[in-house]
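What follows is a set of notes on a single structure, which appears directly below.
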Amino acid sequence: MLKNYYTGFEGYPEIDFYTYINGEKTGIEMWEGYFNNIMNEFSPVDGRWVSLAYYYHLYEGWYDESPWVIPDNKKALEQFGTIDIKVLDNVTQEIMMKLIKLLKDNLDSEIFIEYS
């Protein structure tokens, strides 16, 4: 089942992060604004965007093909760990903790990002 952070934002772009557990789609659906707030907290590494921030800032990955498989769950998890969660509002903090848990619990599974 997908945890819903999209209600109230119908008509705006939606981002879903999910995997399949026992054939059931499991993850998070959210308004793109929450996702943007998280992604904007990433900093370049040695002057370059890496991992999910790379695809986000170059409008590739899930923008090109949806659903899109995260190429390296471990790197994405490490990248989320660099964010100071205190700078985010409460709902965005909750989403971020759920994204981290989704990645941690499914490091060896395909995790998809779907943009619609």
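Numbering-wise, this note's numbering comes out as the position in the sequence shown, counting from 1, plus 81. Backbone N, C-alpha and C fix where the C-beta goes; we use that ideal spot for every residue, glycine too.
Only counting the same chain, and skipping five residues up and downstream in sequence, which positions put a Cβ closer than 6 angstroms to that of Y136? G142
I'd like the list of long-range same chain contacts for D189, defined as Cβ closer than 6 angstroms, with 5 residues on each side in sequence excluded. none
Cβ-based neighbour list, M120, same chain, cut-off 6 angstroms, excluding 5 preceding and 5 following: Y137
Per-residue DSSP class, three states only, for W130: coil
Buried or exposed: which applies to G108, given that a residue is buried once 16 or more other Cβ atoms fall within 10 Å of its Cβ? buried
From what residue to what residue does the alpha helix (DSSP H) around K156 run? 154-161
Reduced DSSP secondary structure (H/G/I, E/B, other) of E175: helix
Between the region 97-108 and the region 159-173, can you find at least three pairs of beta-carbon atoms closer than 8 angstroms? no
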